[in-house]
Structure formats: structure tokens, C-alpha cells
Amino acid sequence: MTAPNQTNANVAGGAVSTAAASGASAAFGAAPASGASTASAADAASAPAAAVVERPLTHFRSMPLSIKVNGEIVGPTDVPVGLMMIDYLHEYLHLTGSRLGCGQGICHACVVIVDKPDGTSEEVRTCITGANFFHGKSIRTIEGHAKRNEAGEVVELSPIQQKFLEHFSFQCGYCTPGFVNAATVLIERLKREPVAKDKVEATITEALNDHICRCTGYVRYYEAVKEVVLTTPGLVKDAA
Ligand code: FES
Ligand code: FES
1 MTAPNQTNAN
11 VAGGAVSTAA
21 ASGASAAFGA
31 APASGASTAS
41 AADAASAPAA
51 AVVERPLTHF
61 RSMPLSIKVN
71 GEIVGPTDVP
81 VGLMMIDYLH
91 EYLHLTGSRL
101 GCGQGICHAC
111 VVIVDKPDGT
121 SEEVRTCITG
131 ANFFHGKSIR
141 TIEGHAKRNE
151 AGEVVELSPI
161 QQKFLEHFSF
171 QCGYCTPGFV
181 NAATVLIERL
191 KREPVAKDKV
201 EATITEALND
211 HICRCTGYVR
221 YYEAVKEVVL
231 TTPGLVKDAA
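So the sequence shown is residues 1 to 240, counted in the numbering used here.
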């Protein structure tokens, strides 16, 4: 994988020519020097253009990044320090399923799942988390949930994805990757720590609570997750 060309952007933003500076002076109505004649102005107009003076380019500091993404190790790749994870996923790995919504850490459309060494998993927002935070970590994106054949074609959805379809949980679908990841983290947690039946509804509400759906599909997302929780063996324990 290749890094986007930073140099072009830097040149566009950083180089200023003396000719341009002179032009700016004129544009701001600078008066000619005292005693300057019309003839000398004409001579100046016909003189060769001043040489372009390049300012030093801005160099971003970069760091090598290696991540396990959906079971495959990618990198090491040099990425600029401060590059947000969502941009790394989109621009370096071409995994565009994670959605950039608010870009401010509020809507949770951009979350990925981080699989921790202790066997637990958690959601992390990629619009406000730098790619370097994920160095050495194992993550799952929305592209990693369904089973695929050798040609990369989806042959089986995950249980959460399947139930979201059956319940018509989403409309535009922009928030759906985030909801799939949130619900998957919940199901995985309940496999480790089953919840009492009378706590199921509150537990689902809490797990999905941070995710914003602009099409207001909350109830159908909720119903789909509840069906998965209640029909998957081992997620709900009997009341003591
Ligand atoms: S896009 Fe990341 S929280 Fe909204
Ligand atoms: S389905 Fe459109 S934002 Fe949720």
C-alpha cells in the first residue's frame, strides 16, 4: 500500500513566489516609489518575471503502523502522526464501510471493534482516534463480519447483520456499521457474562445508547438485537 502524496498538498499550501508577492502589493494599491516615471513602469512590465522562491516544505512526522485488520496483518506502513483512523481505513486500506458521520465523536457511526488480549472486545471511535493508537492491536471493521468465499463474496451474514435485515432496522444505512459493531460487542460480552432476563432490555438500551440514527430506526435496531439475545443460547441466565 502506498501513502497518499503529502508533498503535493504541502507545495500547494507552502510555496510563495516573489512575483506573487509583487502582485499582491499591486492588488492592495501600494503607491509607486517616489520619482518613478511612467517609462520606468513600462520597463519593469517588460522585464523577465522574478524567479520563484520556494519556501521549505512542511514535513509531517510519521510512524510505522502495523495492525491486524479482520484477521490479516497489514503494515508496517509509515503514516503521519495525527492521521485519524477513519482516514487510514478509507485511504490506505480502502475499507470504506466505516462511516464518517459527525467527525466529532458523537454519533458513533465510525466505530470499529478492538479485540483485546484478554479476550474481551470494545468499540473505538475512529474519527477522533489516531491511527497510531491502533499500532499492534487487532481490530474488526464492518467488512469483517460476514463469512466470505475464496472470491471474497459474502456467503453468510453474521447473526446481528441477518436480524437487522429481517427487522428492516435501517433505512439509509449510514449508521448501520456502527450499530452492527455495537451489537456484536454486546453479544460477545453476554457470552462471557450472561445477563438476567429482567435486565435484557436495559442492557440492550445501554449498549446502543451512544449510536445516533438520523433515520430514527432505533426501535427496529433494538428489536433485532433483543431477538438475537433471547434466541442465542447462553446469553441470558435464569433469575436467581
Ligand atoms: S463520525 Fe465518529 S463519532 Fe461521529
Ligand atoms: S438508517 Fe439512516 S442514519 Fe440510521
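From the three backbone atoms N, C-alpha and C, an ideal C-beta is built for every residue, glycine too.
Margin query: Following a CB-centred definition, is residue 109 positioned closer than 7 Å to any heavy atom of ligand 1?
Written below: yes
Margin query: Between the stretch 191-209 and the stretch 142-156, can you find at least three pairs of beta-carbon atoms closer than 8 Å?
Written below: no
Margin query: For ligand 1, is there any heavy atom lying closer than 7 Å to the beta carbon of residue 125?
Written below: yes
Next item on the list: For the beta strand (DSSP E) containing residue 250, list its first residue and its last residue.
Entry: Shown here, the chain extends from 1 to 240; a query on residue 250 therefore has no answer.
Check: Is DSSP giving residue 189 helix, strand or coil here?
Finding: helix
Note to self: Please list the terminal residues of the continuous alpha helix (DSSP H) segment that includes residue 204.
What the structure shows: 200-208
Next item on the list: Using alpha carbons as the reference points, say which of 209, 50 and 227 lies closest to residue 165.
Entry: 227
Next item on the list: Mind reading off the beta-carbon distance from residue 101 to residue 110? Whole number of angstroms is fine, and I expect it under 8 Å.
Entry: 7 Å
Check: Less than 7 Å between the CB of residue 102 and some heavy atom of ligand 2, yes or no?
Finding: no
Check: If you draw a straight line from the alpha carbon of residue 161 to that of residue 132, how long is it in whole angstroms?
Finding: 29 Å
Notebook entry, point to check: residue 105: beta carbon under 7 Å from a heavy atom of ligand 1?
Noted result: yes
Item checked: residue 171: CB within 7 Å of a non-hydrogen atom of ligand 2 -> yes
Note to self: I'd like to know if the stretch 119-134 and the stretch 170-186 are in contact, where contact means that at least 3 CB-CB pairs between them fall below 8 Å.
What the structure shows: yes
Note to self: Buried or exposed, going by whether 16 or more other CB atoms sit within 10 Å of the CB of residue 145?
What the structure shows: buried
Notebook entry, point to check: Excluding sequence positions up to five away, which residues of its chain have a Cβ less than 7 Å from the Cβ of residue 29?
Noted result: With a pLDDT of 30 at residue 29, under the threshold of 50, the modelled position of this residue cannot be trusted; read the value that follows with caution. No residues qualify anywhere along the chain.
Checklist line | Close-in-space but distant-in-sequence residues of the same chain around residue 215 (CB under 6 Å, 5 per side omitted) | finding: 171 and 172
Checklist line | residue 113 (DSSP reduced to helix, strand or coil) | finding: strand
Checklist line | Bridge partners - residue 139, DSSP secondary structure assignment | finding: 69 and 114
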